[in-house]
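Student: In the numbering used here, the protein residues as written are 3 to 157.
No residue lacks a Cβ here, since even glycine has one placed at the ideal position from N, Cα and C.
Since this is a predicted model, take the numbers as computed values, not measurements.
Here it is, the structure in full.
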Amino acid sequence: MSVEDLEHSDSAKRLEAIETLGEQDEAEIERHAKALVGLMQDPDEEVRLMAVMLLDRCSTAALAAHAPVLFAQLVESDDEDVRWGAAAVMKRLDALTLKPGAWAILVRAQADPSSKVRSELMKIATLKFSSVDHEEIIDAHREQAMALLQQLTNG
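Next up, the structure:
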């Protein structure tokens with residue numbers, strides 16, 4: 003199994019590579035965390051879900067290294083499964099790691115079109131940030147938050 007297999011053009015090969023990687027220890031999975039984060043945007047739903055499942059076996063430190071990509075997936079993706087996967091993985095991160103993208107978490111927790119995504123994000127918002135933090139976070143990123151909210155309500 004190699005990283006090239008995780009990026010194979012055939013989704014069956016990518017899935018096979020993920021399954022093989024799933025038989026490995028945490029350290030081996032973490033070595034491929036970047037590829038797994040990328041596979042969260044795969045066109046094949048099963049590949050996306052398996053990537054999220056393997057990322058759940060990574061340490062929080064390994065996941066934290068990919069927080070900016072997870073935030074981008076949460077803000078930019080039109081795909082419900084991609085946003086849900088990003089939220090599911092981000093739920094394991096600490097508040098300090100989440101703080102740069104907390105505005106997106108809070109906006110999407112209220113306005114994401116998917117109840118499944120909203121539910122995951124509400125868990126993060128409730129567990130990681132106090133209600134005082136919510137107001138401060140939104141105030142600090144008001145322009146970005148309002149643009150995302152407008153996009154979600156008009157989209």
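1. Kindly indicate the opening and closing residues of the alpha helix (DSSP H) around L95.
2. Determine contact between the region 14-30 and the region 79-88, defined as no fewer than three beta-carbon pairs at a distance below 8 Å.
3. Over the uninterrupted alpha helix (DSSP H) stretch that includes A66, give me the two end residues.
4. Is it right to say R144 is buried, meaning 16 or more other beta carbons lie within 10 angstroms of its own, or is it exposed?
5. Taking the straight line between their C-alpha atoms, what separation do you get for K130 and P102?
6. For the putative contact between R2 and V49, defined by C-beta atoms under 8 Å, what is the C-beta separation to the nearest angstrom?
7. Label Q75 either buried or exposed according to how many other C-beta atoms from any shown protein chain fall within 10 Å of its C-beta, with 16 as the threshold for buried.
8. Taking the straight line between their C-alpha atoms, what separation do you get for R8 and M52?
9. DSSP on S116, reduced to helix/strand/coil?
Tutor: Working from what's here:
1. Neither: L95 is in no alpha helix (DSSP H) and is coded neither H nor E.
2. no
3. 62-66
4. exposed
5. 13 Å
6. Absent from the structure is residue 2, since the part of the chain shown begins at 3 and ends at 157.
7. Under a 10 Å Cβ-count criterion, Q75 is classified as buried, with 16 or more other Cβ atoms of the shown protein chains found around its own Cβ.
8. The residue asked about is misnamed: residue 8 is Leu in this sequence, not Arg. Using only the alpha carbons, I get a separation of about 12 Å.
9. Residue state, collapsed to three classes: coil.
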